[in-house]
Amino acid sequence: MSKTSYKPIKPFLTYDQQIQHLEEDKLLIIKDHSTAKESLLNISYYALIGGYKTLFYDHMTRTYLPGTTFEDILTLYKFDDALRHLIFDYSNFIEQKLRSTMSYAFCDRYTNLQKDYLDPNHYQNTRKNRYNINKLVNILDYIANKDTDHEYTLYQRNTYGNVPLYAATKVMTFGQLSAMYSLQAHGIQVKVSRDFSTKRTALSNTDLIDYLHVLTHFRNRCAHIERLFSYKDRYDIPDTALHDKLGIGKNGNQYVCGKHDLFAVVIAYRYLLPKEEFKEFKKELIKLINKTIKKASTLTEAKLITAMGFPNNWKDISKYRV
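Residue numbers (our numbering): 17 to 338.
Below, the structure is given as structure tokens:
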């Protein structure tokens, strides 16, 4: 029986050896060794170089493009860090609105008693959903009856003998809230999706489920400090009028961008954020991109936004009504 063939394990390198390797073997320009060493200590070689070299690297020669500096890679890392904070903040706005509207719609249909949200029959309790509903009810049961880490659930339990849904959902993660919405009765889903709709565009409950699914994954990457700018999710947002109005090309029946990349998040924000909130988000994003391009001498705007999954005319997204 043949053994699996592995590549040789890379040897451990000290910070000084890592810098020497980057300069001599990879032809990276390092102007300040002390700053580079401190960055490698604070971030790690794997997270910084392994995570952010691609836009500056020639994979044929296995060296960096001429003129690339350590500071260029560090600038891209800092851009991604700021981008994570930006995406996280605006996803929190959507998370809070979902928490509020879903709690209201559920209690309006049933009551604010915990027995109602702990009842599997108050969800789409089909054979397909049964496992996920039981999982959800177990999470809610723990929050309602056992959780001792949050003073507001303790107060409700000790004072009233009941933890209402608006208090229980405050403990839940974005992913748990998204899953809970997907399991709600159809009528509740519709009420919530209408709360996210504009006067001109009705957002369907199925579209909202897809948006929340993708946003959850991007938000989690922000929370876990994973590379964000070039991330591609395994799930898609729906095809939208914005894809068509922006003239995004297709590969067969699939749009080439704005489906499971960072631009998909931007499209989701355009539909789910209030107009002024989206305007502020876009303003901050443009400012961040411009600052990065100005600072990274070998990085162009076209190269950066392509890696992000943005079409060249992405800024026109505000021109169209949704």
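Think of the CB as a built atom: it goes at the ideal place given N, C-alpha and C, for glycine as much as any other residue.
Cβ neighbours of residue i in the same chain (closer than 7 Å, five flanking residues each side left out)
| i | result |
| --- | --- |
| Ser209 | Leu219, Ser220, Asn221 and Leu224 |
| Lys9 | In the structure as shown, the chain begins at 17 and stops at 338. Residue 9 is therefore absent and cannot be evaluated. |
| Tyr61 | Gln34 |
| Thr344 | Absent from the model: residue 344. The displayed extent of the chain is 17 to 338, so no value can be given. |
| Glu39 | Ile46 |
| His49 | Ile35 |
| Asp132 | Tyr126 and His138 |
Inter-residue spacing [alpha-carbon to alpha-carbon] between residue i and residue j
| i | j | result |
| --- | --- | --- |
| Leu114 | Tyr251 | 20 Å |
| Gly325 | Thr84 | 23 Å |
| Ser334 | Glu293 | 12 Å |
| Ser198 | Lys207 | 13 Å |
| Arg173 | Ala160 | 7 Å |
| His202 | Arg125 | 12 Å |
| Leu102 | Asp96 | 10 Å |
| Gly67 | Ala284 | 26 Å |
| Ala183 | Lys298 | 32 Å |
| Asn178 | Asn329 | 52 Å |
| Tyr168 | Leu156 | 15 Å |
| Lys144 | Ala195 | 14 Å |
| Tyr106 | Val281 | 10 Å |
| Lys269 | Thr189 | According to the sequence provided, residue 269 is Asn. The question's Lys does not apply to it. One C-alpha to the other measures close to 34 Å. |
| Pro27 | Asp41 | 15 Å |
| Leu193 | Asp163 | 17 Å |
| Gly265 | His259 | 9 Å |
| Leu134 | Leu57 | 48 Å |
| Glu296 | Phe279 | 16 Å |
| Asn236 | Asp277 | 14 Å |
| Tyr171 | His229 | 32 Å |
| Val187 | Val153 | 14 Å |
| Arg286 | Arg243 | 23 Å |
Burial state of residue i, where buried means 16 or more other Cβ atoms lie within 10 Å
| i | result |
| --- | --- |
| Gln362 | Because the chain is modelled from 17 through 338, residue 362 falls outside the range shown and cannot be assessed. |
| Ser55 | buried |
| Asp119 | According to the sequence shown, residue 119 is Ser rather than Asp. So Ser119 counts as buried. |
| Met76 | exposed |
| Leu29 | exposed |
| Ile110 | buried |
| Asn275 | Checking the sequence, you will find Lys at residue 275 rather than Asn. When all chains shown are included, Lys275 counts as buried. |
| Pro368 | The structure shown does not extend to residue 368, since the chain is modelled only from 17 to 338, so the question has no answer here. |
| Ala52 | buried |
| Ala12 | Limits of the chain in this structure are 17 at one end and 338 at the other, which puts residue 12 out of reach. |
Sequence-distant residues of its chain with Cβ nearer than 8 Å to residue i (five each side left out)
| i | result |
| --- | --- |
| Thr117 | Lys207, Val208, Asp211 and Phe212 |
| Ile204 | Met118, Ala121, Phe122 and Arg125 |
| Leu315 | Leu71, Phe72, Asp88, Thr91, Leu92, Thr308 and Ile309 |
| His240 | none |
| Phe104 | Arg235, Cys238 and Ala239 |
| Tyr158 | none |
Proximity test, residue i beta-carbon vs the ligand MG heavy atom, cut-off 7 Å
| i | result |
| --- | --- |
| Gln205 | Here there are no bound small molecules, and the ligand MG is not part of this structure. |
Residue i - containing alpha helix (DSSP H), residue span
| i | result |
| --- | --- |
| Glu300 | Lys291 to Lys311 |
| Thr117 | Phe86 to Arg125 |
| Asn221 | Asn221 to Ala239 |
| Asp32 | Tyr31 to Gln36 |
| Glu317 | Glu317 to Ala323 |
| Arg143 | It is not in any alpha helix (DSSP H) - Arg143 carries neither H nor E in the DSSP assignment. |
| Asp132 | Gln130 to Tyr133 |
| Gln192 | Phe190 to Leu199 |
| His259 | Ala257 to Lys261 |
| Phe279 | Leu278 to Leu288 |
| His183 | Checking the sequence shown, residue 183 turns out to be Ala, not His. Taken as a continuous stretch (DSSP letters only), the alpha helix (DSSP H) holding Ala183 covers Leu181 to Ala184. |
Cβ neighbours of residue i in the same chain (closer than 6 Å, five flanking residues each side left out)
| i | result |
| --- | --- |
| Leu64 | Tyr93 |
Any chain B beta carbon closer than 8 Å to residue i
| i | result |
| --- | --- |
| Pro180 | Here there is only one protein chain, and chain B is not present. |
Expected contact under 8 Å - CB spacing of residue i and residue j to nearest Å
| i | j | result |
| --- | --- | --- |
| Pro327 | Cys273 | 6 Å |
| Lys261 | Ile302 | Contact doesn't hold; Cβ gap of about 19 Å is too wide. |
| Thr232 | Gly191 | 5 Å |
| Leu99 | Phe245 | 6 Å |
| Asp255 | Tyr271 | 7 Å |
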